[in-house]
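Peer 1: Would you mind keeping the following structure in view while I ask a few things?
In the UniProt record's numbering, the protein residues as written are 1 to 370.
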């Protein structure tokens, strides 16, 4: 299939920021506090430094493969079998992520605004949006992301700045939380906070050059670092440990505190809008990329017939966990054990094999010429 869709660095930045940052509006600040206490923002900072180092390694390995995505590189390095294995891992990961996030977003929306509605009704609303987005394709998704991301970021900043009167710097002590050992031990597993960053290596053909890929990657890591650090830091400043562990939807709880005069009240209603917009963009992009990968690996000419079967699959998987707490537990377990490898380890492994294979073939050609 010839790729005719092209978009710029701004659109790619917005798409990836939504994919990575959506977790902030769920339980990310509270989960980080559970792991290292008041030092959550330090853990995010250390993990981001590791992510920058790993991305630098990836960009150096990527140099001979300009304009190719990870599936193309796997095909060149390991043939059809390698392409199927790498693609299968990524498809399973995307379907799992879409299903879990769908359940979490649906449960949270039900709790916030539709307490009497069945969970299946909430999930169907999101599924309908995902199906519509998949029919329109990737380009409309990234164009809408380019428009809505600044609005979502502005809403997030309003919430962060609006709770300044509630900041208590004493809440940050002890500064190292559960200790240096806890931070060091969790820094590598928590690379999963950048899960879906590997989608950059699937949209590379759409942004064309390695130079664009590098700029997008570094800017997305920087923006994500800022968002993840501010969410954990501000949450720790407002809610002391261990009270912070009791809150449901931390950023929503922060929004409920904002009360500025007669005209700036009930700011959480704005949170619901930006939260729902970010959720739908996140789910739509993840869902579409899973279908796109499946069609590409099997070399299918048309991918629209796959949309409804994939939607049914994601919907059914999202209903497998018996409760929201089980869903969060399942996500935390998988992200800790597998997501860090998929986000950075899998691209490095594929690129290393491709570089070794490239040198081996080049050496064999030179020997035959002699």
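Backbone N, C-alpha and C define an ideal beta-carbon position, used for all residues, glycine too.
None of the values given here were measured: they were computed from a predicted structure.
Whole angstroms is fine: what's the gap from residue 253's alpha carbon to residue 155's?
Peer 2: For the purposes of this step, residue 253 is taken as residue 253 along the chain shown, with counting starting at 1. For the purposes of this step, residue 155 is taken as residue 155 along the chain shown, with counting starting at 1. Answer to the nearest angstrom: the Cα atoms are 14 Å apart.
Peer 1: Drop a sphere of 10 angstroms on the beta-carbon of residue 64, count the other beta-carbons inside from all chains shown, and report buried for 16 or more, exposed for fewer.
Peer 2: Within the chain shown, numbered from 1, the residue matching residue 64 stands at position 64. Label assigned to residue 64: exposed.
Peer 1: Of all the options 271, 337 and 214, which has the alpha carbon lying nearest to the alpha carbon of residue 53?
Peer 2: For the purposes of this step, residue 53 is identified with residue 53 of the chain shown, where counting begins at 1. The shortest Cα separation from residue 53 among 271, 337 and 214 belongs to 214.
Peer 1: If I measure Cβ to Cβ from residue 31 and keep anything under 7 Å in the same chain, skipping five residues before and after, which residues do I get?
Peer 2: Locating residue 31 in the chain shown gives position 31, counting from the first residue. Excluding positions up to five away in sequence, the list reads 332.
Peer 1: Quick test of the definition: if touching needs 3 or more C-beta pairs under 8 Å, does the stretch 130-139 touch the stretch 42-57?
Peer 2: No: fewer than three Cβ pairs fall under 8 Å.
Peer 1: Below 7 Å between beta carbons: does that hold for residue 322 and residue 330?
Peer 2: Against the chain shown, residue 322 aligns to sequence position 322. Against the chain shown, residue 330 aligns to sequence position 330. Cβ distance not < 7 Å, so residue 322 and residue 330 don't count as in contact.
Peer 1: Using the C-alpha atoms, what's the distance from residue 151 back to residue 205?
Peer 2: Position 205 of the chain shown, counted from the start, is the residue given in the question as residue 205. Position 151 of the chain shown, counted from the start, is the residue given in the question as residue 151. In a straight line, the C-alpha of residue 205 is about 27 Å away from that of residue 151.
Peer 1: To the nearest angstrom, how far is the alpha carbon of residue 145 from that of residue 242?
Peer 2: Against the chain shown, residue 145 aligns to sequence position 145. Against the chain shown, residue 242 aligns to sequence position 242. Approximately 36 Å, taken between the alpha carbons.
Peer 1: Residue 174 to residue 37, Cα distance in whole Å?
Peer 2: Within the chain shown, numbered from 1, the residue matching residue 174 stands at position 174. Within the chain shown, numbered from 1, the residue matching residue 37 stands at position 37. Cα to Cα, residue 174 sits roughly 9 Å from residue 37.
Peer 1: Where does residue 18 sit, in a helix, a strand or coil, going by DSSP?
Peer 2: Taking the chain shown and counting its residues from 1, one reaches residue 18 at position 18. In this structure, residue 18 counts as helix in the three-state DSSP scheme.
Peer 1: For the alpha helix (DSSP H) containing residue 104, list its first residue and its last residue.
Peer 2: Walking along the chain shown from the start, residue 104 turns up at place 104. It spans 70-112 - the alpha helix (DSSP H) in which residue 104 sits, taken as one unbroken run.
Peer 1: Hey, could you find the ends of the alpha helix (DSSP H) residue 164 is sitting in?
Peer 2: The residue given as residue 164 occupies position 164 in the chain shown. First-last for residue 164: undefined, no H or E at that position.
Peer 1: Can you give the Cα-Cα distance for residue 352 and residue 280, rounded to whole angstroms?
Peer 2: Here residue 352 refers to the residue found at position 352 when the chain shown is read from its first residue. Here residue 280 refers to the residue found at position 280 when the chain shown is read from its first residue. Spanning the two alpha carbons is a distance of roughly 35 Å.
Peer 1: As a quick exercise: from 7, 40 and 235, pick the residue whose alpha carbon is nearest that of residue 184.
Peer 2: For the purposes of this step, residue 184 is identified with residue 184 of the chain shown, where counting begins at 1. It is 40 whose Cα lies nearest to the Cα of residue 184.
Peer 1: Closest to residue 349 by C-alpha separation, out of 18, 61 and 84, would be which residue?
Peer 2: Residue 349 sits at position 349 when you count from the first residue of the chain shown. Among 18, 61 and 84, the Cα nearest to that of residue 349 belongs to 61.
Peer 1: Straight-line CA distance for residue 81 to residue 70?
Peer 2: The sequence position of residue 81 within the chain shown is 81, counting from 1. The sequence position of residue 70 within the chain shown is 70, counting from 1. Cα-Cα distance, rounded: 14 Å.
Peer 1: Given this structure, state the Cα-to-Cα distance separating residue 20 from residue 301, to the nearest angstrom.
Peer 2: For the purposes of this step, residue 20 is taken as the residue at position 20 of the chain shown. For the purposes of this step, residue 301 is taken as the residue at position 301 of the chain shown. Taking the straight line from one Cα to the other gives about 30 Å.
Peer 1: Buried or exposed for residue 335, going by 16 or more other Cβ atoms inside 10 Å?
Peer 2: Start at 1 with the first residue of the chain shown, and residue 335 comes out as number 335. Its Cβ being crowded by 16 or more others within 10 Å, residue 335 is buried.
Peer 1: If contacts are defined as beta-carbon pairs under 8 Å, then residue 141 and residue 285 qualify, I think. What distance do you get, rounded to the angstrom?
Peer 2: Sequence index remark: in the chain shown, residue 141 carries index 141 (1-based). Sequence index remark: in the chain shown, residue 285 carries index 285 (1-based). The Cβ separation is near 6 Å, so the contact holds.
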